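One structure is given below, encoded as structure tokens.
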Amino acid sequence: MRILSGIQPSGRLHIGNYFGMMRPSIELQEKGEAFYFLANYHALTTVHSAKDLRDYTREAAVDFLAAGLDPSKALLFRQSDVPEHTELCWLLSVVTPMGLLERCHSYKDKVAKGIASSSGLFFYPVLMASDILIYNSDLVPVGKDQKQHLEVARDIAIKFNELFGETFRLPAPMIREEVATVPGLDGRKMSKSYNNGLFLSDEEKVFRKKIMGIVTDSSPVESPKPTENSTLLQLYSLAASPEEVAEMESSFRQGGKGYGDYKKRLFETLWNYFAPYRAKRTELLAQPELVDRVLAEGATKARVIAQATLSKAREAMGL
Ligand code: TYM
Numbered sequence: 001m002r003i004l005s006g007i008q009p010s011g012r013l014h015i016g017n018y019f020g021m022m023r024p025s026i027e028l029q030e031k032g033e034a035f036y037f038l039a040n041y042h043a044l045t046t047v048h049s050a051k052d053l054r055d056y057t058r059e060a061a062v063d064f065l066a067a068g069l070d071p072s073k074a075l076l077f078r079q080s081d082v083p084e085h086t087e088l089c090w091l092l093s094v095v096t097p098m099g100l101l102e103r104c105h106s107y108k109d110k111v112a113k114g115i116a117s118s119s120g121l122f123f124y125p126v127l128m129a130s131d132i133l134i135y136n137s138d139l140v141p142v143g144k145d146q147k148q149h150l151e152v153a154r155d156i157a158i159k160f161n162e163l164f165g166e167t168f169r170l171p172a173p174m175i176r177e178e179v180a181t182v183p184g185l186d187g188r189k190m191s192k193s194y195n196n197g198l199f200l201s202d203e204e205k206v207f208r209k210k211i212m213g214i215v216t217d218s219s220p221v222e223s224p225k226p227t228e229n230s231t232l233l234q235l236y237s238l239a240a241s242p243e244e245v246a247e248m249e250s251s252f253r254q255g256g257k258g259y260g261d262y263k264k265r266l267f268e269t270l271w272n273y274f275a276p277y278r279a280k281r282t283e284l285l286a287q288p289e290l291v292d293r294v295l296a297e298g299a300t301k302a303r304v305i306a307q308a309t310l311s312k313a314r315e316a317m318g319l
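With the numbering used here applied, the sequence shown corresponds to residues 1 to 319, in that order.
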């Protein structure tokens with residue numbers, strides 16, 4: 001089984017990225033051939049500073065390794081080190097109906113958030129389809145916000161195979177329901193562009209302050225607290241055991257405790273959960289050559305597969 005996923009180095013990575021995509025991806029490295037990449041071509045749709053893009057890309061590589069990606073089991077590489085992604089993207093574009101892209105809500109959401117509507121931003125799902133199809137991926141672990149893009153990739157593969165013969169395997173998304181959409185500090189989806197994130201690399205003081213500032217209702221200390229749609233409970237359940245979550249839920253229902261107590265417990269649980277990640281991250285930051293080597297080796301190996309698929313597609317189309 002071949003597993004593939006990507007993450008945009010368009011800012012620092014947050015715990016939504018971690019629970020929604022990084023942790024499932026890292027678990028899957030035990031289950032098949034795994035390809036994980038830093039989607040820096042994609043990040044160009046929003047990052048227009050060369051220094052920022054380089055820094056975010058390197059930090060994302062460090063984060064992935066610190067979170068447990070094992071380079072002897074999974075490949076980690078920069079998308080731009082396998083330029084075949086962009087050539088296949090063009091080949092796919094000529095069989096991609098405009099309507100398919102016009103329906104994509106991610107483009108509309110980004111424009112609504114104020115991101116400049118470049119043609120690259122609109123075209124983004126075709127490049128994403130290329131990323132997936134070029135490795136003949138079977139399974140793509142992602143958060144819920146990427147579901148539609150996966151459907152687009154499948155539709156493009158079906159269309160291409162119909163026109164030019166069996167060339168691409170049809171990929172399936174893997175979305176873990178319990179972490180499909182991790183909420184941010186304001187209750188909306190945690191997002192790099194909403195300013196509502198708990199970042200993996202946040203300092204302790206910042207991390208604590210953000211958690212203590214999570215928006216809650218105005219229930220007085222003694223009264224029961226609503227458990228439904230509680231951002232605190234949702235975040236707590238990411239790192240606490242089912243028994244601990246059940247205990248907090250029953251305490252919510254009982255009343256007698258203020259939100260401040262629950263926030264403290266949430267902070268401690270999340271902060272402790274990420275202790276091994278922070279220790280590994282500090283080690284890796286002191287070894288930049290190791291990170292470079294992992295990325296270079298990952299790209300060399302990924303490129304062999306990408307070139308083979310691209311040749312097949314070129315040949316099938318008459319190039
Ligand atoms: P990106 O960089 O926005 O996010 C990376 C991954 O993190 C997941 N994610 C979340 N999951 C749960 N809760 C959240 N609040 C949350 N925020 C982000 C995303 O669903 C994603 O899985 N287009 C992709 C990058 C990409 C890609 C690919 C992915 C490019 N090519 C090929 C898979 C296959 C993106 O923008 O992810």
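Glycine included, C-beta positions come from ideal geometry on N, C-alpha and C. Since we're looking at a predicted model, the values are computed, not measured.
Residue range of the alpha helix (DSSP H) that includes residue i
i    : result
A302 : 288-317
V126 : 119-133
M248 : 242-254
Q234 : 231-239
R176 : Unbroken run through R176: none, as it is neither H nor E.
K73  : That residue, K73, is in no alpha helix (DSSP H); it is neither H nor E in DSSP.
V320 : A query on residue 320 cannot be resolved here, the shown segment of the chain reaching from 1 to 319 and no further.
I211 : 204-212
One or two residues paired with residue i in a DSSP bridge
i    : result
P224 : DSSP lists no partner for P224.
R78  : L38
P183 : K189
F199 : H14
Selected residue, minimal CA-CA separation from residue i, among the options
i    : options                : result
Q287 : F164, M98, A61, D261   : A61
S72  : E315, L38, L266, R293  : R293
R12  : K264, H85, M190        : M190
D145 : Q79, R78, H105, N196   : H105
G258 : M248, E315, E222, T282 : E222
S251 : P24, R314, Y262        : Y262
G213 : P173, P220, L266       : L266
S10  : L270, K192, G318, L233 : K192
E27  : L133, R176, K113, R78  : R176
F39  : R303, M128, A296, P173 : The amino acid at residue 39 is misidentified as Phe; the sequence shows Ala. Answer by Cα proximity: M128.
G120 : C89, T45, A316         : T45
R103 : E87, S80, L319, F122   : F122
A66  : L284, L75, Y41, L91    : L284
M317 : M248, G165, A112, V206 : G165
Assigned secondary structure, residue i (DSSP; H/G/I helix, E/B strand, else coil)
i    : result
G99  : helix
E30  : coil
D6   : The question names Asp, yet the displayed sequence has Gly at residue 6. G6 falls in the strand class under three-state DSSP.
H14  : strand
V47  : coil
V152 : helix
P171 : coil
P141 : strand
S111 : At residue 111 the sequence reads Val, which differs from the Ser that was named. If DSSP states are grouped into helix, strand and coil, V111 belongs with the helices.
S333 : Outside the shown range of the chain (1 to 319) lies residue 333, about which nothing can therefore be said.
L136 : Per the sequence shown, the amino acid found at residue 136 is Asn instead of Leu. It is coil, neither helix nor strand.
Y194 : coil
Heavy atom of the ligand NAD within 7 Å of residue i beta-carbon
i  : result
L4 : Only the ligand TYM can be found as ligands here, which leaves the ligand NAD out of the picture.
Delimiting residues of the beta strand (DSSP E) encompassing residue i
i    : result
L266 : Element bounds for L266: not the beta strand (DSSP E) but the alpha helix (DSSP H), 259-273.
Pair every Cβ in the segment 173-182 with every Cβ in the segment 224-232, then say whether three or more of these pairs are closer than 8 Å. Because the criterion of three Cβ pairs below 8 Å is not met, the segment 173-182 and the segment 224-232 do not touch.
Are the segment 86-97 and the segment 148-165 touching by the rule of at least three beta carbon pairs closer than 8 Å? Counting C-beta pairs closer than 8 Å gives three or more between the segment 86-97 and the segment 148-165, which meets the contact rule.
Counting pairs of Cβ atoms below 8 Å between the segment 234-249 and the segment 44-52, do you hit three or more? With contact defined as three or more Cβ pairs closer than 8 Å, the segment 234-249 and the segment 44-52 are not in contact.
Taking 8 Å as the cut-off, does the segment 309-319 touch the segment 270-279 (at least 3 CB pairs, one atom from each stretch)? The segment 270-279 and the segment 309-319 do not touch, with fewer than 3 CB-CB distances between them shorter than 8 Å.
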